[in-house]
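**Student:** Using UniProt numbering, the letters of the sequence shown correspond one by one to residues 1 to 342.
Where a beta carbon is used, it is the ideal one built from N, C-alpha and C, also for glycine.
Keep in mind that this is a model prediction, so the values were computed, not measured.
For reference, the structure I am asking about is given below.
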Amino acid sequence: MTHKVAILGASGYTGAELVRLISQHPSIEIAALAAERKAGLTMAEVFPHLRHLDLPTLCKISEIDFSQIDLCFCALPHKTSQEVIAALPKDLKIVDLSADFRLRDPAEYEKWYGNPHAALEQQEEAVYGLTEFYRDEIRGARLVAGTGCNAATGQFALRPLITSGLIDLDEIILDLKCAVSGAGRALKENLLHAELSEGYNAYAIGGTHRHLGEFDQEFSKLAGRPVKVQFTPHLVPANRGILATTYVKGDAEAIHAAFVSAYADEPFIEVLPFGTAPSTHHVRGSNFCHIGVTADRIEGRAIVIAALDNLTKGSSGQALQNANLMLGEDETAGLMMAPLFP
């Protein structure tokens, strides 16, 4: 059976990544591609690296016949996404890649994103899209909210430790490095080559990064009490990748064993041998996440490092993984490509 999908926001990085991944999927066909400002252009004109594919011409969302669509990927900016999704057919399966449906409490959404939620009915039915931990709910969902790429990386590094009770929940430090594509494709002065290359900088310092809303929500739910991590993201002059270094209080070997047990059957999570550190080079362009654990020189402390590709496992790959479950396909379909190296 072939499933027909639409991609809204196809002219952005995550939209292009969805096209790249789905082009290799055995049972999904791209039936519509929407990009409001680039409507009328071909994908080859917008993304020359996709010129070998036979794809629909970019159109406006209003031009799509959704009665012919089995599932819609929404790769639009937050706020825009909720407004568009609220107007889509109520029976249409949707995977949203924006931040609009990640937070269950509308008040928390307004706190972190600065505007009231405009699609409360849809927000109530949304399932959080961290596949490895919500796959049963995702299978039966109509609307799945993809996670933030930083939020996904931090959760892969911490969720098994919170549930197992192996770490001090009040002593978690998360130091994260994210490549520039995580900021999207829009033109921004601080992302110009002359201003970004040959250095890197911290941003959203002191607890202002919006993905903290996801950490607070998910970690507190797991622990059954409030959990707040100390989190500082850094922008690095690389195109793809996230590397999260997490400092925790707990026995390093027990922590490593917990990861091995928790992720034993996960096709996309690779737990490295004890004392081995991952690199963004080793996951580039793939749907894999690598996790390493090392003992700190200070007794009773451990360092957990997680690496993934922000555009694939952190966004579009995760979205396709969720779509596979929603459509009754093998979860790994279209996603088992090896990472690109070097």
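1. Are the beta-carbon atoms of A141 and M326 separated by less than 9 Å?
2. What separation, rounded to the nearest whole angstrom, lies between the Cα atoms of H209 and V236?
3. How far does the alpha helix (DSSP H) with H281 in it reach, from first residue to last?
4. Can the beta-carbon of D175 be found closer than 9 Å to that of H234?
5. For F274 and I303, what's the separation of their Cα atoms in angstroms?
6. Between the stretch 276-296 and the stretch 153-165, are three or more C-beta pairs nearer than 8 Å?
7. Under a three-way DSSP split, which group does G146 fall into?
8. Note down, in chain order, each residue of its chain lying with its Cβ closer than 6 Å to the Cβ of L53, except the 5 sequence neighbours on either side.
9. When we look at the beta-carbon of R225 and count the other beta-carbons within 10 Å, is it buried (16 or more) or exposed?
10. Report the residue from F231, Y203, N201 whose alpha carbon sits nearest the alpha carbon of G213.
11. Could you pull the start and end residues of the alpha helix (DSSP H) that G317 belongs to?
12. Could you check where the beta strand (DSSP E) with T232 kicks off and where it finishes?
13. Kindly list the residues whose CB is nearer than 7 Å to the CB of K38, restricted to its own chain and excluding five residues on each side of it in sequence; keep chain order.
14. If you run the structure through DSSP and keep just helix, strand and coil, what is T14?
15. Could you please give the first and the last residue of the uninterrupted alpha helix (DSSP H) stretch that includes G213?
16. Using DSSP bridges, identify the partner residues of R301.
17. Is DSSP giving E36 helix, strand or coil here?
18. Could you work out which residue in P56, E137, H78 is closest to N322 when comparing CA atoms only?
19. Look up F294 in the DSSP assignment and give the residues it is bridged to.
20. Which of the three DSSP states, helix, strand or coil, is assigned to N287?
21. Look up I242 in the DSSP assignment and say whether it is helix, strand or coil.
22. Taking the Cβ atom as the reference point for each residue, do D216 and G146 lie within a distance shorter than 9 Å?
23. What are the complete alpha helix (DSSP H) segments, minimum 4 residues, inside the UniProt domain "Semialdehyde dehydrogenase NAD-binding" (4-141)?
24. To the nearest angstrom, report how far apart L143 and D330 are at their CA atoms.
25. With DSSP collapsed to three states, give me the class of E171.
26. Quick one: what's K313 bridged to in DSSP?
27. With a threshold of 16 other CB atoms inside 10 Å of the CB of residue 367, please say whether the residue is buried or exposed.
28. Hey, out of T2, P160, R20, whose CA is closest to S27's CA?
29. Give me, in chain order, the residues of the same chain whose beta-carbon lies closer than 8 Å to that of residue 343; leave out the 5 immediate sequence neighbours on both sides.
30. Between K228, L222, A306, which lies nearest to Y134 when the distance is taken from Cα to Cα?
31. Assuming E171 and V84 make a contact with CB atoms under 8 Å, what is their CB distance in whole Å?
32. My output table needs one value for A157: the three-state DSSP class, helix, strand or coil.
**Tutor:** With the structure as the only source:
1. yes
2. Going from the Cα of H209 to the Cα of V236 covers about 16 Å.
3. From DSSP, H281 is part of no alpha helix (DSSP H); its letter is neither H nor E.
4. For D175 and H234, yes; Cβs fall inside 9 Å.
5. 11 Å
6. yes
7. coil
8. Closer than 6 Å at Cβ, skipping near neighbours: S23.
9. exposed
10. F231
11. From DSSP, the alpha helix (DSSP H) with G317 extends over 317-326.
12. 230-236
13. S11, V46, L58
14. Helix at T14.
15. 212-223
16. K249
17. helix
18. E137
19. Strictly speaking, residue 294 in this sequence is Thr, with Phe absent from that position. Partner(s): I303.
20. coil
21. strand
22. no
23. List check, alpha helix (DSSP H) in window: 13-22, 43-46, 80-86, 106-113, 120-125, 131-139.
24. L143 and D330: Cα-Cα distance of roughly 19 Å.
25. The answer is coil: DSSP assigns E171 none of H, G, I, E or B.
26. Paired residues: none, contrary to the question.
27. What the structure shows of the chain is the stretch from 1 to 342, and residue 367 is not part of that stretch, so it cannot be assessed.
28. T2
29. Residue coverage of the chain in this structure runs from 1 to 342, which leaves residue 343 outside it and unanswerable.
30. L222
31. Not confirmed; about 41 Å, so no contact.
32. When DSSP states are grouped into helix, strand and coil, A157 belongs to the helix group.
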